[in-house]
Amino acid sequence: MTTNAIIVNKVTKRFGKSTPALWRKLRPGKNGSGKPEASGPVLALDSVSFQVKQGEIFGVLGPNGSGKSTLIRLMATLLLADEGNVTVHGLDPAVTPLAVQQLINRVSVEASFFKKLSPMENLIYGARLYGMGGKEIRRRVVEILTRLGLEKRSIYNPMEEMSRGMQQKVAIARALLSRPKILLLDEPTTGLDPVSKREVQAVVQELKERDGTTILLTTHDMNEAEILCDRVAIIHKGKLIALDTPEALKDLVPRLNGHKPSLEDVFIHLTGDKLKEEEKEDIEAAQSMVRALTQEHQEPADQIEPALLEQEKE
Ligand SMILES: Nc1ncnc2c1ncn2[C@@H]1O[C@H](COP(=O)(O)OP(=O)(O)OP(=O)(O)O)[C@@H](O)[C@H]1O
Ligand SMILES: [Mg+2]
């Protein structure tokens with residue numbers, strides 16, 4: 117029987133950010149009334165529910181700002197839900213955060229390191245936080261980093277001398293070191309070159325097949341989601357709008373000239389039109405802001421000194 121590794125139950129998360137006053141003044145109301153939009157907290161997640169099965173690779177897709185990282189941070193005990201709850205192997209991160217931290221590890225795009233130290237030193241430090249140490253760890257660090265395609269000589273050089281993509285690989289290695297039951301990967305391959313991407317994807321696949329690790333992954337790479345994920349959830353403006361296997365999701369969109377749509381077609385079909393509307397509103401608001409600011413700084417022509425006007429003519 118398959119059990120659920122993660123249960124997300126009607127989770128709502130708000131951030132208490134209010135709209136800046138000038139933006140509110142200039143941005144027309146969405147209902148076309150021309151009235152300023154009400155300021156208030158950002159609804160990052162809106163009553164989201166789903167389950168991740170043990171041993172599956174579960175993808176979360178969504179436009180920028182749709183709530184993917186917020187979701188991951190709730191599972192990783194870094195945030196608390198306002199409503200609803202998350203369960204990780206039967207444990208509530210809000211109640212027993214330390215027990216949950218022993219089961220999970222997270223890789224995010226903004227991973228932090230001691231930049232003056234080498235990957236080896238950073239990873240040994242990370243391993244100690246999980247109560248691991250000894251010679252065995254040094255051997256595993258070399259094994260994981262070379263598996264991820266990092267050159268041996270980089271392992272002992274300071275992190276600050278490494279490119280962003282190389283640092284991202286070290287972040288992934290650090291997460292693997294503790295052999296987590298659940299791996300939370302927030303855009304793990306963003307910024308990696310095509311070969312490095314494949315190396316990371318192969319490691320993710322291997323973790324599922326060899327170790328039975330449950331993996332929750334966010335990505336903006338539709339091809340990656342299609343290759344790796346058993347099931348994919350699409351979230352938009354904090355709401356879960358679709359959840360199924362990549363193949364089944366493609367049946368949601370009509371065929372184009374007899375061709376089966378790609379996952380990217382599905383993504384654009386479900387989230388694209390609404391995005392274009394928002395982009396148009398944002399561009400209009402930015403244009404009126406620029407107009408207002410330039411008018412504010414423009415001196416009326418009769419106040420400009422005649423000598424300056426002469427200079428302009430030349
Ligand atoms: N610490 C925070 N304080 C205030 N607002 C936040 C905070 N973290 C996230 N948000 C807001 O919550 C919403 C969801 O953000 P989130 O980072 O989860 O999106 P995302 O789907 O991961 O986007 P991206 O694809 O750009 O990584 C956004 O409107 C964002 O501005
Ligand atoms: Mg994010």
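Under the working numbering, residue 430 is the last one in the sequence shown; the count climbs by one each step, no gaps. Even glycine gets a Cβ: it sits at the ideal position worked out from N, Cα and C. Quick caveat, the model's predicted, so the values are computed rather than measured.
For Gln170, there is no enclosing alpha helix (DSSP H), as DSSP marks it with neither H nor E. One Cα belongs to Ser185, the other to Asp302, and the distance between them is close to 7 Å. Non-local C-beta neighbours of Val164 in its own chain, meaning closer than 8 Å and more than five positions away in sequence, comprise Val124, Lys126, Val127, Thr128, Gly183, Leu187, Gly200, Ile351, Gly354, Lys355, Leu356, ordered along the chain. Listed in chain order, the beta strand (DSSP E) elements of length 3 or more contained wholly in the region 228-307 are 298-302. Inclusion of Pro362 and Glu342 in the CB contact set at 8 Å is warranted, their separation being smaller than that value.
Sequence-distant Cβ neighbours of Gly265 in its own chain, meaning closer than 8 Å and more than five residues away, are Lys285, Val311, Ser312, Glu315.
Rounded to whole angstroms, the gap between the alpha carbons of Pro235 and Ile331 is 24 Å. The C-beta distance from Met282 to Ser270 rounds to 6 Å, short enough to meet the 8 Å contact threshold.
With a cutoff of 7 Å, Ser228 does not count as near ligand 2, since its C-beta is closer than that to no heavy atom of the ligand. Sorting Glu276, Leu245, Phe383, Gly328 by C-alpha distance to the C-alpha of Arg290 places Leu245 at the top. When distances are taken from the beta-carbon of Lys353 to the heavy atoms of ligand 2, even the shortest one reaches 7 Å or more. Annotation for Thr305 indicates a beta carbon at 7 Å or more from all heavy atoms of ligand 1. When DSSP states are grouped into helix, strand and coil, Thr361 belongs to the coil group. Look at Val320 here: in three-state DSSP terms it is helix. Under the three-state reduction of DSSP output, Lys366 falls in the helix class. Taking 7 Å as the cut-off, one finds no heavy atom of ligand 1 near enough to the beta carbon of Gly374.
Assigned with DSSP and collapsed to three states, His375 falls in strand. The distance from the Cβ of Pro179 to that of Lys232 is about 37 Å, inconsistent with a contact at the 8 Å cut-off. Following the DSSP letters along the chain, one finds Glu199 in no alpha helix (DSSP H) but inside the beta strand (DSSP E) bounded by residues 199-204. Taking a cut-off of 8 Å for Cβ pairs, the region 201-215 and the region 371-378 do not touch, as fewer than three such pairs fall below it. Judged by beta-carbon spacing, Glu172 lies beyond the 8 Å limit of Arg280, meaning their Cβ atoms are not closer than that value. Of Tyr272, Lys297, Ala358, the smallest CA-CA separation from Gly328 is found for Lys297.
Distances from the alpha-carbon of Val369 to those of Ser224, Val382, Ala358 put Val382 closest. Secondary structure of Ala408 (DSSP, three-state): helix.
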